[in-house]
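Q: Input: one structure, supplied below.
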DNA sequence: CCCCCCCC
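Residue numbers (the working numbering): 180 to 553.
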């Protein structure tokens, strides 16, 4: 790329490259040969309102409101919807946001008007690498970079490594947005379909992830459920731009991944260690993992549910140093009863406790439960 | 926006 094109690219297409080159030639003549072509191009850019074409390219971690104009390269990690609003002068304004990252961190971009159209028209997608020139200011959640009429946001062929500031699972609270988190993949649910309010068909699925601080259920909507196709248990995965909501049924906080979220495999190392509850400490109404050995085996039974479908259940007992508990194994888990022997070491992970038959506490091992025979 | 902890 020659020097003129390089400077032209920082103009964000406000005039055509041919017109820009003509203006540069005029400028060289005007200056009676006192400046070189590059300087002339910078002067023309300045005349057009772009004042920072000579500025150094900096890293995201160094961007702060005191710097003002910044040039940097970054990869798009989230794209948000464009909103329109009415200006006091009666015109309609447009504003859109992107989250971008480089190898030092991530930052939010605010694109105005015709720059926001780049988002609206689908010209900017997650994963694109961009050259960015804009104005750093204190925004609504820390420093952000504004890109208006004289700002620049162009795709570049450079491949940019990214590092995202990520949360730990134990820090995730109801209502949080922009959640980036990594974890080990502990479980993948079946995909369910459902009817949306508008009559169209929706798809929903769940995964469970864990890190060294805990585990959390993740809900994936519509096409996001497909991101799990390439994944297998124990992979490390990362979530970019999820949001957290309390599940109405379980009252547990979950991460949701909708239109603007990303779920993908990563090479990062994440530690996860299951924590097991002593059987004596189990109280009703919670999810537990226990570790012990089989101390009783019941019969496999089929039964009809109220809705007419049939299901299977079997009961086993598990003991540890602190006590003994009955486990109801539902669905496919029920078949395990035929493979188990007394004293087989076993782990029951994420089973739900309740007061069962004779008001004794028991665990239900349903489709969210994993069972490991050691 | 969905699953919904079921048996004897």
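We put the CB at the ideal spot given by N, CA and C, even for glycine.
(1) Report the partner residues of residue 491 according to the DSSP bridge assignment.
(2) Tell me whether residue 236 is buried or exposed, calling it buried when 16 or more other Cβ atoms sit within 10 Å of its Cβ.
(3) In whole angstroms, what separates the C-alpha of residue 261 from that of residue 247?
(4) Do residue 289 and residue 331 count as a contact pair if the criterion is CB distance below 9 Å?
(5) Specify, as a first and last residue, the run of the beta strand (DSSP E) that residue 396 falls within.
(6) Whether or not the stretch 419-438 and the stretch 393-407 are in contact is what I'm after, with contact meaning three or more pairs of Cβ atoms, one per stretch, closer than 8 Å; do they touch?
(7) Let me check understanding here. Comparing Cα to Cα, which of 504, 529 and 285 lies closest to residue 465?
(8) Indicate the three-state DSSP secondary structure (helix, strand or coil) for residue 407 in the structure shown.
(9) May I ask you to list the residues that DSSP assigns as paired with residue 259?
(10) To the nearest whole angstrom, what separates the beta carbons of residue 476 and residue 521, a pair I think is in contact under 8 Å?
(11) With which residues is residue 333 paired in a DSSP beta bridge?
(12) Within 10 angstroms of the Cβ of residue 510, are there 16 or more other Cβ atoms? Answer buried if so, exposed if not.
(13) Roughly how many angstroms separate the alpha carbons of residue 424 and residue 508, rounded to a whole number?
(14) Taking only the alpha-carbon atoms, compute the straight-line gap between residue 185 and residue 367 and give it to the nearest angstrom.
(15) Around the Cβ of residue 548, are there at least 16 other Cβ atoms within 10 angstroms (buried) or fewer (exposed)?
(16) If you reduce the DSSP assignment to three classes, tell me which class residue 534 lands in.
(17) In the DSSP assignment, find the beta strand (DSSP E) that holds residue 433 and state where it starts and stops.
(18) Could you compute how far the alpha carbon of residue 513 sits from the alpha carbon of residue 484?
(19) Assuming residue 257 contacts residue 419 under a Cβ cut-off of 8 Å, what Cβ separation, rounded to an integer in Å, is found between them?
(20) Decide yes or no for the touch test of the stretch 307-314 against the stretch 263-274: beta carbon pairs closer than 8 Å, at least 3 of them.
(21) Give me, in chain order, the residues of the same chain whose beta-carbon lies closer than 6 Å to that of residue 296; leave out the 5 immediate sequence neighbours on both sides.
(22) DSSP puts residue 472 in a beta bridge; with which residues?
(23) Considering only DSSP beta bridges, list what residue 254 is partnered with.
(24) Return helix, strand or coil for residue 292, following the three-state DSSP convention.
(25) So, at 7 Å on beta carbons, what are the nonlocal neighbours of residue 492 in its own chain, with the 5 sequence-adjacent residues on each side left out?
(26) Distance check for residue 379 and residue 340, CA to CA, integer angstroms please.
(27) Are the CB atoms of residue 327 and residue 287 within a distance shorter than 9 Å?
(28) Out of 255, 541 and 345, point me to the one whose CA is closest to residue 505's CA.
(29) Which term fits residue 427, buried or exposed, when burial requires 16 or more other beta carbons within 10 angstroms of its beta carbon?
(30) Does the Cβ of residue 241 have 16 or more other Cβ atoms within 10 Å, making it buried, or fewer, making it exposed?
(31) Give the single residue among 415, 523, 404 and 472 whose Cα lies nearest to the Cα of residue 445.
(32) So residue 394 and residue 365 are in contact, right, with Cβ under 8 Å, and what is the actual spacing, rounded?
(33) Quick one: residues in its chain with C-beta nearer than 8 Å to the C-beta of residue 309, no 5 flanking neighbours on either side, listed in chain order?
(34) Can you look up residue 420 in the DSSP assignment and give me helix, strand or coil?
(35) Check for me: the beta strand (DSSP E) holding residue 413 runs from which residue to which?
(36) Around the Cβ of residue 245, are there at least 16 other Cβ atoms within 10 angstroms (buried) or fewer (exposed)?
A: Answer, in terms of the structure:
(1) 481
(2) exposed
(3) 24 Å
(4) no
(5) 393-400
(6) yes
(7) 529
(8) helix
(9) Its beta-bridge partners do not exist; DSSP assigns none.
(10) 7 Å
(11) 310
(12) exposed
(13) 29 Å
(14) 47 Å
(15) buried
(16) strand
(17) 432-436
(18) 16 Å
(19) 6 Å
(20) no
(21) none
(22) 498 and 524
(23) 280 and 308
(24) helix
(25) 480, 482, 507, 508, 509 and 513
(26) 38 Å
(27) no
(28) 541
(29) exposed
(30) exposed
(31) 415
(32) 6 Å
(33) 252, 253, 254, 255, 279, 303, 332, 333, 334 and 335
(34) strand
(35) Per DSSP, residue 413 belongs to no beta strand (DSSP E) and is neither H nor E.
(36) exposed
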